[in-house]
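One structure is given below, encoded as structure tokens.
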Amino acid sequence: MKQYIAASIEFNRIEKPVCAPLFKKTFDYNGKDARLEISVVGLYRLWVNGKEITKGWLAPYFSNPNQVVYYDEYDLSGLLKDEGNSIVVLLGNGFINSI
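Plus 211 on top of the position in the sequence shown (first one is 1) and you've got this note's numbering.
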């Protein structure tokens, strides 16, 4: 089952922008396979348990979001412990919303 982490409607307005939103999710791991898929309109940096695992400085690839939005996939199985895991995502605009 996919779970989405998103900002509330309070932060999705021009009147109250967040220049580089930071999302954090803590969770426990039951020992099964763990995979993370991430798709953003802009750029991101990704940390799992304090270790940055972003595939590149400009992740994901640039695209025209009116036509296609790319995603990256990560295998997290070897990075997780039984309890107290955290995933942190820092978002950036890239060429999107460049005001």
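Glycine residues also receive a C-beta, built at the ideal position from the N, C-alpha and C atoms.
Coarse secondary structure for residue i, derived from DSSP in three states
{"i": "S274", "result": "coil"}
{"i": "G289", "result": "helix"}
{"i": "N296", "result": "strand"}
{"i": "K243", "result": "coil"}
{"i": "E226", "result": "coil"}
{"i": "K262", "result": "strand"}
Beta-carbon separation (whole angstroms), residue i vs residue j, contact threshold 8 Å
{"i": "A311", "j": "L287", "result": "This structure leaves residue 311 out entirely; the chain is present only between 212 and 310."}
{"i": "E284", "j": "E248", "result": "5 Å"}
{"i": "G303", "j": "A245", "result": "That belief does not hold up - the Cβ atoms of G303 and A245 are roughly 25 Å apart, past 8 Å."}
In DSSP terms, what residue i is bridged to
{"i": "G303", "result": "L254"}
{"i": "D283", "result": "I249"}
{"i": "T237", "result": "S297"}
Neighbourhood of residue i by C-beta distance below 7 Å, restricted to the same chain and skipping five residues each side
{"i": "S274", "result": "V280 and Y281"}
{"i": "Y240", "result": "L291, K292, D293 and N296"}
{"i": "I310", "result": "For I310, the predicted model reports a pLDDT of 49, less than 50, meaning its position is unreliable and no value from the coordinates is stated."}
Residues near residue i in its chain [Cβ-Cβ closer than 6 Å; skip 5 each side]
{"i": "T237", "result": "S297"}
Are at least three pairs of beta-carbons, each pair with one atom in the segment 254-263 and one in the segment 281-300, less than 8 Å apart? yes
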